[in-house]
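Report on one structure; see the data block that follows.
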């Protein structure tokens, strides 16, 4: 039991690391076409995640490998029940790599614009789907059983948090008007992200947990949001 708790804690840390660090990568991709008004601003926006996005994906690989090694039944149930959702997420991750790497390969604005749209779409889809897959409490029932008010609200949580993180990261890593515009976007997103996350977290706590100890990570998450 002690070993199981240790592995569960390590896997939780890996997923927190991935969703936090890769979250701002997704967020930057989601606002790429919204925030960047011209080619110079879009290049600057992409440059903010240039040194980070590839390394941040290692957290996902490690989390998946640790889940498979420590809890094979959990892994098999998750990947069987949420197969379609996880397949779409994996496809988007692959396509996003192509968009980032191939964008500068041809000196054509139309080429770059197309890859920017591909990048944006492949950032939005996983942002919505991650918590739909992770929060599905009856995943063995098939794809349709995953689409519930609870999982849809969970998808809104990751989507809004990633958007806010992305805007904050661009504001930190750029200067002048682009930075100010990103900061204004974050200030508009923050209240919505906080409210939706609070609603989902309390729903999960009150309906799906009967342990008093589970209020501790909820309090830590609330402090982090604030």
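Numbering (the numbering used here), first residue to last: 98 to 323. All C-beta atoms in this analysis are idealised placements derived from N, C-alpha and C, irrespective of residue type, glycine included.
Q: Please state whether DSSP places residue 203 in a helix, a strand or coil.
A: coil
Q) When you compare only the Cα positions, how much space is there between residue 245 and residue 262? A) In this structure, the CA atom of residue 245 is about 26 Å from the CA atom of residue 262.
Q) Using DSSP with H/G/I as helix, E/B as strand and the rest coil, what is residue 149? A) coil
Q.
Only counting the same chain, and skipping five residues up and downstream in sequence, which positions put a Cβ closer than 8 Å to that of residue 214?
A. 130
**Q.** Spatial neighbours of residue 217 in its chain, beta-carbon cut-off 7 Å, leaving aside the 5 residues before and after
**A.** 126, 127, 129, 130
Q: Measure how close the beta-carbons of residue 255 and residue 227 come, nearest whole angstrom, since I'm counting them as under 8 Å.
A: 5 Å
Q: For residue 179, name the three-state secondary structure that DSSP assigns.
A: coil
Q. Residue range of the alpha helix (DSSP H) that residue 168 falls in?
A. Careful: residue 168 lies outside any alpha helix (DSSP H) and carries neither H nor E.
Q) For the putative contact between residue 264 and residue 120, defined by C-beta atoms under 8 Å, what is the C-beta separation to the nearest angstrom? A) Their Cβ separation, rounded to whole angstroms, is 12 Å, which puts residue 264 and residue 120 out of contact at 8 Å.
Q: Would you check if the distance between the CB atom of residue 189 and the CB atom of residue 223 is smaller than 8 Å?
A: yes
Q: Below 8 Å on the Cβ atoms is my guess for residue 269 versus residue 294; work out the distance and round it to an integer in Å.
A: Wrong, their Cβ atoms sit about 21 Å apart, outside the cutoff.
Q. Can you find at least 3 beta carbon pairs, one from the segment 132 to 141 and one from the segment 271 to 282, that sit closer than 8 Å?
A. yes
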